[in-house]
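Chain order of the listed sequences is C and W. Just so you know, we're using the working numbering here: the first sequence kicks off at 33 and counts up by one. Just so you know, we're using the working numbering here: the second sequence kicks off at 33 and counts up by one. Using N, Cα and C, we set each Cβ at its ideal position, and we do this for glycine too. Here is the structure we will look at, set down as structure tokens.
There are 2 protein chains.
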Amino acid sequence: MQTGKRRVGRPTTNVLTRDLIMQTSLRLITERGAAGASMRDISRELGVQPSALYNHVSGHEDVIGGVRELVSERIDVSGFGTEPWIAALERWAKSYRLAFAAHPPTIALLAVQPLTEQSRVGTMYDAVCRGLIDAGWPDARVLSLVVALENFILGAALDRAATSEVLRPGVSDSTPSFQRAYAAREASLGEASAADAAFDFGLATMLAGLEAEYAALSQGA
Amino acid sequence: MQTGKRRVGRPTTNVLTRDLIMQTSLRLITERGAAGASMRDISRELGVQPSALYNHVSGHEDVIGGVRELVSERIDVSGFGTEPWIAALERWAKSYRLAFAAHPPTIALLAVQPLTEQSRVGTMYDAVCRGLIDAGWPDARVLSLVVALENFILGAALDRAATSEVLRPGVSDSTPSFQRAYAAREASLGEASAADAAFDFGLATMLAGLEAEYAALSQGA
DNA sequence: GTAGATAAAAGAATCACGTTCATTTAACGT
DNA sequence: ACGTTAAATGAACGTGATTCTTTTATCTAC
């Protein structure tokens with residue numbers, strides 16, 4: 033990407049773009065992990081001095097925010113309006129997690145930093161809210177529902193990112209039940225990962241709980 | 033905490049302890065946030081040079097792990113064995129979240145770093161697994177259940193840590209449904225926080241889903 | 001008790017990070 | 001054509017974690 037050496041002063045054709053910086057950062061994070069996307073790393077990858085980045089972004093936090101935007105764009109809200117609310121939620125949840133799981137190291141970075149005001153993420157929330165309101169969920173409950181599901185999704189994504197044989201009981205331990213459950217899960221797990229199994233189980237559980245609550249809601253009214 | 037100046041060489045009475053370092057770190061994190069607990073900060077607080085810390089801990093990661101242990105000790109697993117499994121789970125989940133929510137900035141740090149092998153956290157898992165196995169849950173499902181709930185809990189704790197009027201729709205926006213849901217939630221929320229509402233809603237939903245699954249399990253067998 | 005090993009502190013130094021500032025050069029607008 | 005703005009370099013700062021050396025005290029074995 034770099035042209036050997038560049039002489040001081042503004043170049044005839046611009047080298048950087050805000051978007052180019054974001055794209056490169058996302059790629060670096062995916063390839064080398066969160067630690068491999070420092071401002072220096074990004075600038076080196078782009079054949080540029082670190083200070084040059086600051087002509088296009090306000091700092092490292094800004095970069096992280098931009099990356100989050102990129103990742104969030106792949107969340108699928110197309111189900112709302114075209115499918116039953118429960119199916120739309122399932123689609124949304126799965127794509128949400130996948131969007132982050134596709135770039136594991138991202139999650140830790142992104143989950144920590146809160147959303148900035150004017151992000152396209154608001155559009156996603158709007159689609160989800162609209163679907164649920166149209167389906168008959170009470171206005172006051174919609175956001176709690178969405179946030180609860182989101183909490184689960186982000187937690188699961190975080191788990192998937194962290195998981196490299198974490199959470200394994202020590203051998204010859206004082207934790208027999210833990211060991212037993214662990215062994216049984218290993219045996220029943222095909223080629224699926226433990227994190228995937230937990231996510232599928234938890235999502236099914238939440239959706240079942242939501243359906244029950246929805247049914248109770250209709251009856252009460 | 034510091035005695036002005038200390039001369040070179042081993043002091044007559046030891047200044048540091050591994051445990052003292054962990055306690056101090058937790059306090060600093062709670063008081064000043066995650067960024068206020070660097071090795072320098074910790075050493076300054078203890079009236080010591082940063083390098084002195086390395087006689088007792090292997091590095092910053094080690095400190096984080098120790099803090100996690102401290103926080104984890106407050107998780108309540110006493111319900112398993114004395115209460116119905118669903119009540120025990122609820123107690124466990126609530127205390128789990130509270131343990132972290134009491135030190136908001138901790139979560140971001142802790143959730144990121146995976147568990148180290150020989151932690152007392154294994155004991156907690158064992159208690160939970162035992163309770164569920166005794167209640168009749170199939171061995172192979174127990175860990176997925178626990179991890180799924182844990183994902184939700186950690187996600188919720190993270191949300192609570194981040195939340196300071198995050199996730200507010202912009203005014204005069206193109207997100208009417210989002211705004212509507214937001215306003216309705218605000219109105220229905222008493223003095224409870226939005227994060228609490230989402231957690232309570234989600235936990236109730238998951239527990240309801242689990243009860244349904246458990247019932248189906250008994251019938252199938 | 002004294003000698004050698006070990007432990008716990010200071011202090012100096014290294015390297016990476018994010019960031020700022022001054023400088024240089026090109027592009028843009030009137 | 002000229003002043004302003006934009007985009008790059010290069011040098012520097014402050015803070016982060018960490019390591020190594022040095023100094024002094026404690027502990028252990030004889």
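Nearest in C-alpha terms to Glu182(W), of all of Ser176(C), Arg192(C), Ile96(C) and Leu177(C), is Arg192(C).
Here Phe112(W) is bridged, per DSSP, to Glu115(W). Ranked by Cα distance from Ile61(W), the options Ser83(W), Asn46(W), Ser90(W) and Arg100(W) are led by Arg100(W). The C-beta of Gly163(W) has 16 or more other C-beta atoms within 10 Å across all chains shown, which makes the residue buried. The beta-carbon separation of Ile53(W) and Leu239(W), rounded to 39 Å, does not stay under the 8 Å limit for a contact. Glu93(C) sits away from Thr237(W), with the two beta carbons spaced by 9 Å or more. At a cut-off of 9 Å between beta-carbon atoms, Ala120(W) makes no contact with chain C. Every alpha helix (DSSP H) stretch that sits fully inside the region 64-101 of chain C and reaches 4 residues is listed by chain position as 71-77 and 82-85. With fewer than 16 other Cβ atoms inside 10 Å of its own Cβ, Thr45(C) counts as exposed.
For Leu164(W), the enclosing alpha helix (DSSP H) starts and ends at Val153 to Ala167.
What Phe210(W) touches in chain C, judged by beta-carbon distance under 7 Å, is Gly154, Tyr157, Asp158 and Cys161, going in chain order.
Between Arg200(C) and Ser176(W), the C-beta gap is not smaller than 9 Å, which leaves the two residues out of contact. Secondary structure note for Glu245(C): its alpha helix (DSSP H) is the uninterrupted segment Ala226 to Gly252.
When the alpha-carbon of Ser110(C) is set against those of Pro43(C), Leu58(C) and Lys126(C), the nearest one is in Lys126(C).
Sequence-ordered contacts of the region 227-238 of chain W with chain C read Ala227, Ala229, Ala230, Phe231, Asp232, Phe233, Gly234, Leu235, Ala236, Thr237 and Met238 [C-beta pairs closer than 9 Å].
Beyond the five residues adjoining it in sequence on each side, His135(C) comes within less than 7 Å, by CB distance, of Leu58, Ile61, Thr62 and Val103 in the same chain, given in chain order. About 3 Å separates the CB atoms of Gly187(W) and Gly187(C); that is less than 8 Å, so the two are in contact.
Chain-order list of chain W residues neighbouring Gly252(C): empty, with the shortest C-beta distance near 15 Å, by a criterion of under 8 Å. At a cut-off of 9 Å between C-beta atoms, Val103(C) does not count as an interface residue with respect to chain W. Residue burial is scored here from C-beta neighbours: Ala131(W) has at least 16 other C-beta atoms within 10 angstroms and is therefore classed as buried. For Ile96(W), the closest C-alpha among the options Met71(W), Ala189(W) and Pro116(W) is that of Met71(W). Between Gly154(C) and Asp205(W), the C-beta spacing is below 9 Å.
Considered as a whole, the region 171-220 of chain C harbours 171-194 and 208-220 as its complete alpha helix (DSSP H) runs of no fewer than 4 residues, in chain order. Within chain C, not a single residue places a beta-carbon under 8 Å from that of Ile107(W); the smallest gap is close to 15 Å. Exposed is the label assigned to Gly252(C), since fewer than 16 other Cβ atoms lie within 10 Å of its Cβ. With distances taken between CA atoms, Met156(W) lies nearest to Glu105(W) out of Ala189(W), Glu105(W), Arg123(W) and Phe233(W). Note on geometry: alpha-carbon atoms of Gly222(W) and Asp228(W) lie some 11 Å from one another.
The alpha carbon of Phe233(W) has as its nearest neighbour, out of Tyr86(C), Leu242(C) and Tyr214(C), the alpha carbon of Leu242(C).
Minimum Cα-Cα distance from Ala247(W) among the listed residues Trp169(W), Ala180(W), Ser220(W) and Gly65(W) corresponds to Trp169(W). CA-to-CA, the gap between Leu235(C) and Gly202(W) works out to about 30 Å. Taking a contact as a CB-CB distance under 8 Å, the pair Ala230(W) and Ile165(C) does not count as one, their CB atoms being some 17 Å apart. Within the same chain, Cβ atoms closer than 8 Å to the Cβ of Val47(C) are found at Arg38, Leu78, Gly79, Val80 and Ala84, the five residues on either side in sequence being excluded. Interface flag for Leu177(W) against chain C is set, since a Cβ pair is found closer than 9 Å. Listed along the chain, the chain C residues whose CB falls inside 7 Å of the CB of Glu93(W) amount to none; the nearest CB is some 13 Å away.
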